[in-house]
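Residue numbers (my numbering): 8 to 232. C-beta: ideal position from N, C-alpha, C; glycine also. Quick notes on the structure that follows.
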């Protein structure tokens with residue numbers, strides 16, 4: 008089938024109204040982020056964040072990370088000949104990244120396909136200061152909530168150096184930035200779907216990923232579409 012800075016929430020609950028293939032909504036520069044009145048996104052930072060739709064782009068499979076156990080891994084080891092959902096988040100994120108993962112989990116629970124069997128999930132931290140211990144804690148939480156056998160071998164929670172994070176983010180068009188005035192990271196929200204060969208097949212923007220759309224994407228991605 009187809010550091011240690013807190014993340015600045017750019018898309019909140021209102022993003023759930025954004026269509027899966029639409030553009031992510033973001034606050035205006037110089038205005039407080041909805042729900043976070045004390046935080047402001049500068050114009051300079053605002054211009055740096057978002058998604059570039061690099062459909063068909065090849066993810067560098069030689070990138071080195073560490074999995075949740077601390078074991079060094081390369082992305083090539085995790086691509087097991089089936090489609091993969093990619094999420095770029097931050098394990099200590101106070102809001103947005105949890106919304107992304109929680110929405111993904113709801114969709115995964117609604118699918119008849121199983122993580123670790125018909126497809127895999129790679130969740131990678133954009134914060135090079137985070138540790139495998141944090142990744143392991145996050146993985147345990149979501150595996151418990153998912154509750155399907157075999158998911159532990161198919162849902163990977165990674166941490167890695169800035170060089171690997173930057174190359175991965177650039178390949179899939181995920182633009183994020185450190186916002187000095189707020190001392191946080193700013194980024195848009197969404198997930199990406201990769202073919203078994205590691206090419207970008209589809210984007211789902213915002214924090215709502217309808218299960219029927221995700222299912223279709225997995226089927227098409229498995230065929231390299």
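**Message:** Please report the straight-line C-alpha distance between residue 222 and residue 118, rounded to a whole angstrom.
**Reply:** Along the chain shown, read from residue 1 onward, the residue named residue 222 stands at position 215. Along the chain shown, read from residue 1 onward, the residue named residue 118 stands at position 111. The alpha-carbon atoms of residue 222 and residue 118 are separated by roughly 7 angstroms.
**Asked** DSSP on residue 132, reduced to helix/strand/coil?
**Response** Along the chain shown, one-based indexing puts residue 132 at 125. Under the three-state reduction of DSSP, residue 132 is assigned to strand.
**Alpha carbon of residue 180 to alpha carbon of residue 137, nearest angstrom** = Here residue 180 refers to the residue found at position 173 of the chain shown. Here residue 137 refers to the residue found at position 130 of the chain shown. Between residue 180 and residue 137, the C-alpha separation is close to 22 angstroms.
**Asked** Between residue 231 and residue 199, what straight-line distance do the alpha-carbon atoms span, to the nearest angstrom?
**Response** The residue given as residue 231 occupies position 224 in the chain shown. The residue given as residue 199 occupies position 192 in the chain shown. Residue 231 and residue 199 have their C-alpha atoms some 14 angstroms from each other.
**Item:** Where residue 155 sits in the DSSP three-state scheme
**Value:** By 1-based counting over the chain shown, the position of residue 155 is 148. The answer is coil: DSSP assigns residue 155 none of H, G, I, E or B.
**Message:** Rounding to the nearest angstrom, what Cα-Cα distance links residue 97 and residue 65 in this structure?
**Reply:** Within the chain shown, the letter at position 90 stands for residue 97. Within the chain shown, the letter at position 58 stands for residue 65. Each residue's alpha carbon lies about 23 angstroms from the other.
**Prompt:** residue 229 to residue 70, Cα distance in whole Å?
**Reply:** Position 222 of the chain shown, counted from the first residue, corresponds to residue 229. Position 63 of the chain shown, counted from the first residue, corresponds to residue 70. If you take the alpha carbons of residue 229 and residue 70, they lie about 22 angstroms apart.
**Request:** Could you have a look at residue 146 and say whether DSSP puts it in helix, strand or coil?
**Result:** For this step, residue 146 is matched to residue 139 along the chain shown. Assignment of residue 146 by DSSP, reduced to helix, strand and coil, places it in the helix class.
**Request:** Would you check if the distance between the CB atom of residue 162 and the CB atom of residue 123 is smaller than 8 angstroms?
**Result:** If you number the chain shown from 1, residue 162 lands on position 155. If you number the chain shown from 1, residue 123 lands on position 116. Yes, they are a contact pair.
**Item:** Per DSSP, the bridge partner or partners of residue 184
**Value:** Here residue 184 refers to the residue found at position 177 of the chain shown. Paired residue(s): 193.
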